[in-house]
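Peer 1: So the sequence lines, in the order shown, correspond to chains A and B. First residue of the first sequence? That's 1 in the working numbering, and the numbers climb one at a time after it. First residue of the second sequence? That's 334 in the working numbering, and the numbers climb one at a time after it. Every residue, glycine too, gets a C-beta built ideally from N, C-alpha and C. Nothing here was measured: the structure is a model prediction, and the numbers come from that model. I have a structure here, written as structure tokens, and I will follow up with some questions on it.
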Amino acid sequence: MNHTDDTRKTSGWLRMITYLLRHRAIGLFLFIGLLTTVVSWINPAFLSGQNLRDIAVQAAPICIISCGVMLVLVAGEIDISVGSMMGVLAASMGIMVSASRAQLPPHVAIALTLLIGIGMGLFNGLLVAYVGVPSIIVTLGMLTALRGLTEIIMNGAWITDLPDEIRFLGTGTILSIPLSLWTTACVLAVTIWLIHRTPIGRRIYATGSNPQAAQLAGLSIKSIKLFVFAWTGLLTAVATLVSVPQLSVVDSGIGIGTELLVVTCVVVGGTSVNGGVGTLSGVLCGVALMTMISTVLIFLKLGEHATYWSRAIQGLFILGAILADHWISNHKK
Amino acid sequence: MRDPDMPSLNIQNLSKSYGGTHALRNVSLKIHAGDIHALCGENGAGKSTLIKILSGVETPDQGLVQWNGSHLSLGKVHEMESKGIVAVHQEPVVFPDLNIVDNLYAGRELSSGMGTWLNTASMKQQTRDILDSLGEDLPLNQPVGEMALAQRQMVSIARALFNQCRILILDEPTASLTTRESDALFKTVISLKKQGVGILYVSHRLEEVFQLAEWISVLRDGILVSTQSSKDLSEDALIQQMVGRKVAYPSRQQPVNTDITKNKPVLELKALSRTPAYDDIHLKIHAGEILGMSGLVGAGRSEIARAIFGIDEFDTGEILFNGKKFQNHSIRKAIDLGIAMVPEDRQRQGLALPLSVETNLLLPSLNAFQGMTGLDRSQMRSISGQLISKLGIKTGSPDNPASALSGGNQQKIVLGKWIHQNPSLFILDEPTRGVDVGAKSEVHRMIIELAKQGSAVLLISSELPEILSLSDRILVIAKGHVSGELAREEANQETLLKLSLPEEAKQSP
Numbered sequence: 001m002n003h004t005d006d007t008r009k010t011s012g013w014l015r016m017i018t019y020l021l022r023h024r025a026i027g028l029f030l031f032i033g034l035l036t037t038v039v040s041w042i043n044p045a046f047l048s049g050q051n052l053r054d055i056a057v058q059a060a061p062i063c064i065i066s067c068g069v070m071l072v073l074v075a076g077e078i079d080i081s082v083g084s085m086m087g088v089l090a091a092s093m094g095i096m097v098s099a100s101r102a103q104l105p106p107h108v109a110i111a112l113t114l115l116i117g118i119g120m121g122l123f124n125g126l127l128v129a130y131v132g133v134p135s136i137i138v139t140l141g142m143l144t145a146l147r148g149l150t151e152i153i154m155n156g157a158w159i160t161d162l163p164d165e166i167r168f169l170g171t172g173t174i175l176s177i178p179l180s181l182w183t184t185a186c187v188l189a190v191t192i193w194l195i196h197r198t199p200i201g202r203r204i205y206a207t208g209s210n211p212q213a214a215q216l217a218g219l220s221i222k223s224i225k226l227f228v229f230a231w232t233g234l235l236t237a238v239a240t241l242v243s244v245p246q247l248s249v250v251d252s253g254i255g256i257g258t259e260l261l262v263v264t265c266v267v268v269g270g271t272s273v274n275g276g277v278g279t280l281s282g283v284l285c286g287v288a289l290m291t292m293i294s295t296v297l298i299f300l301k302l303g304e305h306a307t308y309w310s311r312a313i314q315g316l317f318i319l320g321a322i323l324a325d326h327w328i329s330n331h332k333k
Numbered sequence: 334m335r336d337p338d339m340p341s342l343n344i345q346n347l348s349k350s351y352g353g354t355h356a357l358r359n360v361s362l363k364i365h366a367g368d369i370h371a372l373c374g375e376n377g378a379g380k381s382t383l384i385k386i387l388s389g390v391e392t393p394d395q396g397l398v399q400w401n402g403s404h405l406s407l408g409k410v411h412e413m414e415s416k417g418i419v420a421v422h423q424e425p426v427v428f429p430d431l432n433i434v435d436n437l438y439a440g441r442e443l444s445s446g447m448g449t450w451l452n453t454a455s456m457k458q459q460t461r462d463i464l465d466s467l468g469e470d471l472p473l474n475q476p477v478g479e480m481a482l483a484q485r486q487m488v489s490i491a492r493a494l495f496n497q498c499r500i501l502i503l504d505e506p507t508a509s510l511t512t513r514e515s516d517a518l519f520k521t522v523i524s525l526k527k528q529g530v531g532i533l534y535v536s537h538r539l540e541e542v543f544q545l546a547e548w549i550s551v552l553r554d555g556i557l558v559s560t561q562s563s564k565d566l567s568e569d570a571l572i573q574q575m576v577g578r579k580v581a582y583p584s585r586q587q588p589v590n591t592d593i594t595k596n597k598p599v600l601e602l603k604a605l606s607r608t609p610a611y612d613d614i615h616l617k618i619h620a621g622e623i624l625g626m627s628g629l630v631g632a633g634r635s636e637i638a639r640a641i642f643g644i645d646e647f648d649t650g651e652i653l654f655n656g657k658k659f660q661n662h663s664i665r666k667a668i669d670l671g672i673a674m675v676p677e678d679r680q681r682q683g684l685a686l687p688l689s690v691e692t693n694l695l696l697p698s699l700n701a702f703q704g705m706t707g708l709d710r711s712q713m714r715s716i717s718g719q720l721i722s723k724l725g726i727k728t729g730s731p732d733n734p735a736s737a738l739s740g741g742n743q744q745k746i747v748l749g750k751w752i753h754q755n756p757s758l759f760i761l762d763e764p765t766r767g768v769d770v771g772a773k774s775e776v777h778r779m780i781i782e783l784a785k786q787g788s789a790v791l792l793i794s795s796e797l798p799e800i801l802s803l804s805d806r807i808l809v810i811a812k813g814h815v816s817g818e819l820a821r822e823e824a825n826q827e828t829l830l831k832l833s834l835p836e837e838a839k840q841s842p
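Quick look at the structure:
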């Protein structure tokens, strides 16, 4: 009797954990709440308005790019080139607007930057969808090639003379809320609309869920894949425009490691690496959690070791998320 | 009498070859709206190729297709669907992570404003209507991948019905359905026919063909052998046309061993339970015995089989193998003990499709070919050659990928890969699902041969004649419980069916 009670209790726990892992947004939300409570108890400054705003601004570009990379994963592909795309975009934008270089008007430079972003995304998409190269290889190649291109463009120099109009993109506020947060909100709204309210959104999920069935249903898998890569390129350009001008200096190292952070956020947020599954709410929580981690380590007053830990913890989270997916698929019945 | 003005799908001189093999040669066929036209033929006869061309997945080398007098541009799924020519494929092709609504509407979503706004509410409503008309009550929000095979098939049929279809192509629609689900499907098919839909019905189950179709066309080796009215055709004549020779339905009139139960039990289950799939299962299988396991799809039969083979865990009870408790069980341990399993879904679970026929055949026993310097290729080649000829697998070379073979030949590989290991227990889950008549009788002969050599066989099948003709004893499972155990002599189709039905259904006659 006692024995059965025990097993029932554990299976209740198991069920709860499985539920929270499956409904990733709820699980992560609770975890973020717990983490915030603990950290602010140790150091109340964590909950200060300034700190929360810093975290949000730091999260903004990651969140914008994640909206694109999430759809790439849902379509059954992956994009690990976004960090180097940011590098190219930052360098070319800097050169276009710099008072000592091309001196293009800011709005022209912004439009061209967006086009370059779409162009790089299209290039990824063409190689994956139409040439048939696996996306991990295509974007790995682009990761290296575009970083090299950035270094060639910058030629070892720094750009320090961004005009005020461009600096405004990074530092300006509307109704005392930073421009980057407004932009993020817009991107989120468009992504929600895209996923839930348009045929193309449904087709991205269908393609990742079963490519063969998608083909039989008459979907153009190639154009869907091309779309998600181009969309990611565009969003990377948007993220670059609102984040790089926060700094007064553009160098050739911008965006290094961003691709890994973005993929971590997306996967921790419950997007399946096998395609077909992913929710925006989960990804949003993934972004919130992963950007909090580095700040949390500082606020826990662990000293300089904190920064050493942040990358290891990021890695543990991505492994944990993939293990969680396995756990869920093993406990389906 | 047929109205000559009824629109028709006119197929003229279609040819298609893959590499050197002619899949279709000069096939001409006419399907009229409001007719049920059956297409019969062994696996590999060219039916799948014809279906692929008609659904726009493949482009023919030659020939043309007209709908109502106008030419169709071939090789485009959209073109075919927009004309109302829709195929429901044999293996239910669905999007496992999407719910029913998204499955039905994939590729033809209802939207307004140039595709910028989905009409979710009306899509949901229409989905409910179509499910009601099919008499199905399925949850709209559950991912389809979590549903049973029969339900997934229904989703894929619903998807076709949905498309205002004029010509519906059903490829082995009842292969995974129970008798009752099949009856529901037949009703739907007949009501569609009355609405003027033309139906191309492809099936290996000849009773269905005669029950439903007005016209029967037979394909053999890519050539259209005949198109006849079903009234002018007998079942024997049809089979003869399909295979080009006479096939006797193999049956095991006399048990090999008159008192098999005196043999030692190979497998014994004691009060095996796993909630909610099955509960308190007791069974015994003796050496040389074929134990049939009958029941409806979803009754828990496959789950029991999976537990025996160590794929899934069970909650309570025990499994005895040759009198010894089978502990810490795993698939590897089950194989080492001499248990072989042929799974229900052979494409997904039984074969490595891109790998060669030889590799597939020798996969479970690769260790045996391990020499000092790696695998002994020449020995592998000779053993696989023996198996291929013994099993009658039709393949050009042992190096061909398994995916290039027909369904029946694939099934022979799945069975064959265990045979030369001489397992003491075979678990066969729907071994002839989607297999044509000729290959089916060969598979049946193989099963009987296995029992003769002293293996115990657990045969799970939804096809009652198959269970009745092969089994020594029959166990019926209903809703996870053993609802009856019958000797071969006591069993007939009616008793098995009655025992299979869940309690509520049994009370109302």
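If you reduce the DSSP assignment to three classes, tell me which class Glu-601 of chain B lands in.
Peer 2: Reduced to three states, the DSSP call for Glu-601 of chain B is strand.
Peer 1: Counting C-beta neighbours from all protein chains within 10 Å, is the total for Arg-710 of chain B 16 or more, i.e. buried, or is it exposed?
Peer 2: Classification of Arg-710 of chain B: exposed, given that the 10 Å Cβ count is below 16.
Peer 1: If you follow the beta strand (DSSP E) that His-23 of chain A is in, where does it begin and where does it stop?
Peer 2: No beta strand (DSSP E) contains His-23 of chain A, which DSSP labels as neither H nor E.
Peer 1: Would Gly-87 of chain A pass as a contact of Ile-221 of chain A if the rule is Cβ separation under 8 Å?
Peer 2: It is not a contact, given that the beta carbons lie outside the stated cut-off.
Peer 1: Does the distance from the C-beta atom of Gly-275 of chain A to that of Ser-223 of chain A stay below 8 Å?
Peer 2: The answer is no: Cβ separation not under 8 Å.
Peer 1: Can you list, in chain order, the residues of the region 127-154 of chain A whose Cβ is nearer than 9 Å to any Cβ on chain B?
Peer 2: Cβ contacts with chain B: none found.
Peer 1: So, using beta-carbon positions, are Ile-364 of chain B and Gly-531 of chain B closer together than 8 Å?
Peer 2: Cβ distance < 8 Å, so Ile-364 of chain B and Gly-531 of chain B count as in contact.
Peer 1: What are the residues of the region 218-240 of chain A that lie near chain B, defined by any Cβ-Cβ distance shorter than 8 Å?
Peer 2: Cβ contacts with chain B: Gly-218 and Leu-219.
Peer 1: Determine the closest residue to Val-790 of chain B out of B:Glu-636, B:Asn-755, B:Ile-726 and B:Val-535, with distance taken between C-alpha atoms.
Peer 2: Closest by alpha carbon: B:Asn-755.
Peer 1: Could you list which residues in chain A have their beta carbon closer than 8 Å to that of Gly-408 of chain B, in chain order?
Peer 2: Ordered by position in chain A, no residue passes the 8 Å Cβ test against Gly-408 of chain B, which lies about 12 Å from the chain.
Peer 1: In the DSSP output, which residue or residues are listed as bridge partners for Leu-791 of chain B?
Peer 2: Paired residue(s): B:Leu-624 and B:Ile-760.
Peer 1: Can you tell me whether Leu-347 of chain B is buried or exposed? The criterion is at least 16 other CB atoms within 10 Å of its CB, across all chains shown.
Peer 2: The residue in question, Leu-347 of chain B, is buried, as its Cβ has 16 or more Cβ neighbours within 10 Å.
Peer 1: Along chain A, which residues have their Cβ under 9 Å away from the Cβ of Leu-919 of chain B?
Peer 2: What is shown of chain B runs 334 to 842, which leaves residue 919 of chain B out entirely.
Peer 1: For Ile-136 of chain A, which of helix, strand or coil comes out of DSSP?
Peer 2: In the structure shown, Ile-136 of chain A sits in a helix (DSSP, three-state: H, G or I).
Peer 1: Which residue wins for smallest C-alpha separation from Leu-688 of chain B, given the options B:Leu-670, B:Phe-647 and B:Ala-735?
Peer 2: The candidate whose alpha carbon is nearest that of Leu-688 of chain B is B:Ala-735.
Peer 1: Could you name the residues that DSSP lists as bridge partners for Glu-568 of chain B?
Peer 2: Per DSSP, none; premise fails for Glu-568 of chain B.
Peer 1: Determine whether the Cβ of Arg-197 of chain A lies closer than 8 Å to any Cβ atom of chain B.
Peer 2: Output row for Arg-197 of chain A: interface = yes.
Peer 1: At 3 residues or longer, what runs of the beta strand (DSSP E) sit wholly inside the region 236-306 of chain A?
Peer 2: Listed in chain order, nothing qualifies, since the region 236-306 of chain A has no complete beta strand (DSSP E) run of 3 or more residues.
Peer 1: Could you tell me the boundaries of the beta strand (DSSP E) in which Trp-548 of chain B lies?
Peer 2: 548-553 is the span of the beta strand (DSSP E), which, as asked, contains Trp-548 of chain B.
Peer 1: Taking Leu-629 of chain B as the reference, which of B:Gly-440, B:Phe-759 and B:Glu-763 has the closest Cα?
Peer 2: Minimum Cα distance to Leu-629 of chain B is reached at B:Glu-763.
Peer 1: Under the three-state reduction of DSSP, which class applies to Ser-563 of chain B: helix, strand or coil?
Peer 2: Helix at Ser-563 of chain B.
Peer 1: Round the Cβ separation of Met-626 of chain B and Leu-801 of chain B to the nearest angstrom and send it over; I've been treating them as touching at under 8 Å.
Peer 2: Actually they are not in contact, since the Cβ atoms of Met-626 of chain B and Leu-801 of chain B sit about 13 Å apart, beyond 8 Å.
Peer 1: Between Leu-277 of chain B and chain A, is the shortest Cβ-Cβ distance under 8 Å, so that the two count as touching?
Peer 2: Outside the displayed range of chain B (334 to 842) lies residue 277 of chain B, so it cannot be described from this structure.
Peer 1: Would Lys-301 of chain A be called buried (16 or more neighbouring beta carbons within 10 Å of its own) or exposed?
Peer 2: Exposed, because fewer than 16 other Cβ atoms sit within 10 Å of the Cβ of Lys-301 of chain A.
Peer 1: Which stretch, first to last residue, makes up the beta strand (DSSP E) that contains His-615 of chain B?
Peer 2: His-615 of chain B -> beta strand (DSSP E) spans 611-619.
Peer 1: According to DSSP, is Gln-497 of chain B helix, strand or coil?
Peer 2: Coil.
Peer 1: Enumerated in chain order, which unbroken segments of the beta strand (DSSP E) with a length of 3 residues or greater are wholly contained in the region 707-765 of chain B?
Peer 2: With a minimum length of 3 residues, the continuous beta strand (DSSP E) runs that stay inside the region 707-765 of chain B are 758-762.
Peer 1: Which first and last residues belong to the alpha helix (DSSP H) in which His-196 of chain A is found?
Peer 2: Counting along the chain, the alpha helix (DSSP H) containing His-196 of chain A begins and ends at 179-197.
Peer 1: Is the CB of His-422 of chain B under 8 Å away from at least one CB in chain A?
Peer 2: Closer than 8 Å: yes.
Peer 1: Whole angstroms is fine: what's the gap from Thr-507 of chain B's alpha carbon to Glu-782 of chain B's?
Peer 2: Cα to Cα, Thr-507 of chain B sits roughly 28 Å from Glu-782 of chain B.
Peer 1: Please report whether the beta-carbon of Ala-214 of chain A lies at a distance below 8 Å from any beta-carbon of chain B.
Peer 2: True, the Cβ-Cβ gap to chain B drops below 8 Å.
Peer 1: Alpha carbon to alpha carbon, how far is Val-69 of chain A from Ile-746 of chain B?
Peer 2: Rounded to whole angstroms, Val-69 of chain A to Ile-746 of chain B spans 42 Å at the Cα level.
Peer 1: Look up Val-421 of chain B in the DSSP assignment and say whether it is helix, strand or coil.
Peer 2: Reduced to three states, the DSSP call for Val-421 of chain B is strand.
Peer 1: Please confirm whether Leu-503 of chain B and Met-487 of chain B have their CB atoms less than 8 Å apart.
Peer 2: Going by C-beta atoms, Leu-503 of chain B is not nearer than 8 Å to Met-487 of chain B.
Peer 1: Determine the direct distance from the alpha carbon of Thr-36 of chain A to that of Ser-48 of chain A, and round the result to whole angstroms.
Peer 2: Using only the alpha carbons, I get a separation of about 12 Å.
Peer 1: Can you check the region 408-492 of chain B for any alpha helix (DSSP H) of at least 4 residues that lies completely inside it and give the ranges in chain order?
Peer 2: DSSP runs (the alpha helix (DSSP H)) wholly in the region 408-492 of chain B: 410-415, 433-438 and 453-466.
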